[in-house]
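Oh and the sequence shown: position 9 is -10 in this note's numbering, straight run, nothing missing.
The structure appears below as structure tokens.
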Amino acid sequence: MSYEKSGKKWFDIISACADDKKETVLSAFDKNEPVGFCHFGRLKRKSELLNGFEGEIKAIYILKDHQKKGLGGKLIKKITQIFKNNGIDSFIAWVLKDNSSADFYVKTGAELITETDLTIGEQTLKGLCFGWRNILKGP
């Protein structure tokens, strides 16, 4: 991944979110400084394994210095609330197995759904799919 390609990709995603109410990008700030963001929306790639899941967290990033301070949990709560408001009952998130933050998803109420190979660029890496179910019935 390159800075230039990532910058263009996120510019396009944020621009598309302004026109498409099925996708959302949230930003997190600390003292007026951006420290994280997330991108989520309707699940586009359906499969039998993911049957019943309607939403997906497509990306969630928090600067290292701001991790493990509750910000990720607040973003998950906000994502859950927005999904609930839109009648979406269950959603997923993919994370690389080697990501040190993978246990974060379980701590926020997700369960491991599946594990598979993911191709990113020219690399094949192990990916984990976590899912939150029946959020409309929760608090």
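For every residue, glycine included, the Cβ atom is placed at its ideal position computed from N, Cα and C.
Three-state class that DSSP yields for residue i in the structure shown
{"i": "D84", "result": "helix"}
{"i": "K3", "result": "coil"}
Expected contact under 8 Å - CB spacing of residue i and residue j to nearest Å
{"i": "I60", "j": "F21", "result": "5 Å"}
{"i": "L99", "j": "G108", "result": "4 Å"}
{"i": "L117", "j": "K65", "result": "6 Å"}
Alpha carbon of residue i to alpha carbon of residue j, nearest angstrom
{"i": "G102", "j": "V76", "result": "16 Å"}
{"i": "S81", "j": "G68", "result": "32 Å"}
{"i": "S71", "j": "D46", "result": "30 Å"}
{"i": "R26", "j": "K49", "result": "30 Å"}
{"i": "S28", "j": "Q62", "result": "25 Å"}
{"i": "S8", "j": "L30", "result": "31 Å"}
{"i": "I94", "j": "E37", "result": "13 Å"}
Beta-carbon gap between residue i and residue j smaller than 9 Å
{"i": "I41", "j": "F10", "result": "no"}
{"i": "L24", "j": "E35", "result": "yes"}
{"i": "I43", "j": "V16", "result": "yes"}
{"i": "I57", "j": "G90", "result": "yes"}
{"i": "E92", "j": "R114", "result": "yes"}
{"i": "K12", "j": "G54", "result": "no"}
{"i": "D79", "j": "L106", "result": "yes"}
>> Which complete alpha helix (DSSP H) runs does the stretch 9 to 89 hold, if anything under 4 residues is left out?
In response: 52 to 66, 83 to 88
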